[in-house]
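Take a look at the structure set out below.
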Amino acid sequence: MTAAPEAAFDPEAFRAALREWYRNNHRPLPWRAKPGLYATVVSEFMLQQTRVETVLPYFERWMRALPDFESLAACSDERLLKLWEGLGYYRRAKNLREVAREWIRRHEPPRTATGWREFPGIGPYTAAAVASIACGDPSACVDGNVVRVLARLTGWAEPLPGGGAAAKLFQPLADKLLDRDDPGTHNQAVMELGATVCRRQKPLCLLCPVNRFCRARASGTAASIPRLPLKKTETRLVIRIWCRNGNRLLLHRAQPDAGRLANLHELPTAEALGLDPRKLPETARLLIRKKRAITRFIITEEIHEHPVQIDPRSVKADAGLVWMNVNDLETVALSGPHRRWVRELLAPAKPG
DNA sequence: AAATCGGGGCT
DNA sequence: AGCCCAGATTT
Numbered sequence: 201m202t203a204a205p206e207a208a209f210d211p212e213a214f215r216a217a218l219r220e221w222y223r224n225n226h227r228p229l230p231w232r233a234k235p236g237l238y239a240t241v242v243s244e245f246m247l248q249q250t251r252v253e254t255v256l257p258y259f260e261r262w263m264r265a266l267p268d269f270e271s272l273a274a275c276s277d278e279r280l281l282k283l284w285e286g287l288g289y290y291r292r293a294k295n296l297r298e299v300a301r302e303w304i305r306r307h308e309p310p311r312t313a314t315g316w317r318e319f320p321g322i323g324p325y326t327a328a329a330v331a332s333i334a335c336g337d338p339s340a341c342v343d344g345n346v347v348r349v350l351a352r353l354t355g356w357a358e359p360l361p362g363g364g365a366a367a368k369l370f371q372p373l374a375d376k377l378l379d380r381d382d383p384g385t386h387n388q389a390v391m392e393l394g395a396t397v398c399r400r401q402k403p404l405c406l407l408c409p410v411n412r413f414c415r416a417r418a419s420g421t422a423a424s425i426p427r428l429p430l431k432k433t434e435t436r437l438v439i440r441i442w443c444r445n446g447n448r449l450l451l452h453r454a455q456p457d458a459g460r461l462a463n464l465h466e467l468p469t470a471e472a473l474g475l476d477p478r479k480l481p482e483t484a485r486l487l488i489r490k491k492r493a494i495t496r497f498i499i500t501e502e503i504h505e506h507p508v509q510i511d512p513r514s515v516k517a518d519a520g521l522v523w524m525n526v527n528d529l530e531t532v533a534l535s536g537p538h539r540r541w542v543r544e545l546l547a548p549a550k551p552g
């Protein structure tokens, strides 16, 4: 049993230095420009396990299309998914809409982290973030950035537990350091520090406004803290079929209750078409081979042209297989990689 | 505690 | 190829 991480410095001195640095150095992010409850909730959902740079264009487009809780609550499945297309973790979009509906349903929306915690898709981090930023609730949020910053500040050289255990470990310290006069700004400042200065690789300790409080900085161990549990990777090969009949393209749509990619379209796997992926006919020409990483899987996907013409009427829609008009492809949601590959395969060959 | 959910960017 | 990212939920 190891002692809990503790700060060997004056919390108010830390807060003041961090506050001043943030005031002068924070990035002008769109959800900070015109802060409000709705913008805060939307941005925090998009930012779950997703980088700021990735979220930026999605956020701006989303706010133009669905500017408030009311328009989001009334949004159709199709439009919802289309706006989220390529962002990943698609359950977030449905949860976000459910938050909007619940927010409207309630007579008095919550103003504390504990209250927000009851909404779907809102865990410990997002509850604290929304409540502190939009409602001024004094709750400290602990995300990956905060864990890294606090681990280095305290010189936490031991391996960290996985999952939410690391956040739980540092929650008491985060609570102690929180600026209760402006918790939203303080929370964003710690995360901003982690994202831009106290980075995972190549931390910029020389530029850090709180380096005088940092044990890792003092011992020169910042780059090797925190120690995170290793993740095992696994490689896979997936054979997919390019099946085009005139201006129709065969796609597979995941079931609405599917665990992943619910309602999203992808190119069908060989199995989905009743083909043995190891025994494709010689005439099944390999069109492209792509590699992608999904969580712990490294997946090689091969797209083969189907050897024979398939009668559109012979494929049942209830199996999730759908014939899409290639001119209507932009109206449906595909997974990010498949969106790109389909465009690539439909593009006319380059001249020369 | 571990697995799962997607994807992109960087080393 | 590995690692991480403004995590949450299920098993």
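Mapping of the first sequence onto this note's numbering: position 12 corresponds to residue 212, and the numbering continues sequentially without gaps. Built from N, CA and C at the ideal position, the CB exists for glycine as well.
Give the single residue among R305, K376, R215 and E482 whose Cα lies nearest to the Cα of E505. E482
So if DSSP puts K491 in a beta bridge, which residue, or which two residues, is it bridged to? T500
Count Cβ pairs between the stretch 387 to 406 and the stretch 334 to 351 that sit closer than 8 Å; are there 3 or more? yes
Applying the criterion that 16 or more other CB atoms from any shown protein chain within 10 Å of the CB defines a buried residue, is L247 buried or exposed? buried
Threshold first: 4 residues or longer. Then list the alpha helix (DSSP H) segments lying entirely within the stretch 423 to 479, N to C. none
Given a threshold of 16 other Cβ atoms within 10 Å of its Cβ, counted over all protein chains shown, does L546 qualify as buried or as exposed? exposed
Quick check on this structure: which residue in A374, L480 and L404 has the alpha carbon closest to the alpha carbon of R215? A374
Spatial distance of A454 from R460 (CA atoms): 8 Å
Which residues in the same chain have their Cβ closer than 7 Å to the Cβ of N525, if we skip the five residues on either side of it in sequence? N447 and R448
How would you label H307, buried or exposed, when you count the other beta carbons within 10 angstroms and need 16 or more for buried? exposed
Out of Y258, E244 and V342, point me to the one whose CA is closest to E285's CA. Y258
Can you tell me which of P477, I333, F370 and G474 puts its alpha carbon nearest to the alpha carbon of N345? F370
Roughly how many whole angstroms lie between the Cα atoms of K491 and L437? 9 Å
Out of curiosity, what's the CA-to-CA distance linking A357 and A217? 25 Å
Measuring alpha carbon to alpha carbon, tell me which of L272, A418 and S419 ends up nearest L296. L272
Could you pull out every unbroken alpha helix (DSSP H) segment of at least 4 residues lying fully inside the stretch 272 to 323, listed in chain order? 277 to 284, 291 to 305 and 313 to 316
Buried or exposed: which applies to R543, given that a residue is buried once 16 or more other Cβ atoms fall within 10 Å of its Cβ? exposed
Give the straight-line distance between the Cα atoms of A204 and R317, rounded to the nearest whole angstrom. 25 Å
For the beta strand (DSSP E) containing V397, list its first residue and its last residue. Element bounds for V397: n/a, residue is neither H nor E.
Member of E220, R380, Y325 and C335 whose CA lies at the smallest distance from the CA of K368: Y325
DSSP on W541, reduced to helix/strand/coil? helix
Check whether the stretch 392 to 409 touches the stretch 232 to 247, counting contact only when three or more Cβ pairs, one atom from each stretch, lie closer than 8 Å. no
For V522, the first and last residue of its enclosing beta strand (DSSP E): L521 to N525
Exposed or buried, which one is F319 when buried takes at least 16 other CB atoms within 10 Å? buried
Quick one, which of V342, A331 and K294 has its alpha-carbon nearest G321's? K294
To the nearest whole angstrom, what separates the beta carbons of W523 and L487, a pair I think is in contact under 8 Å? 19 Å between Cβ atoms; not a contact.
Taking the alpha-carbon positions, what's the W231 to S243 distance? 7 Å
Of the choices I333, T469 and F497, whose alpha-carbon is the least far from that of L450? T469
Distance between beta carbons of P477 and I439, contact taken as under 8 Å: 4 Å
Which residue's Cα is closest to the Cα of K431: I494, R417, A331 and D528? I494
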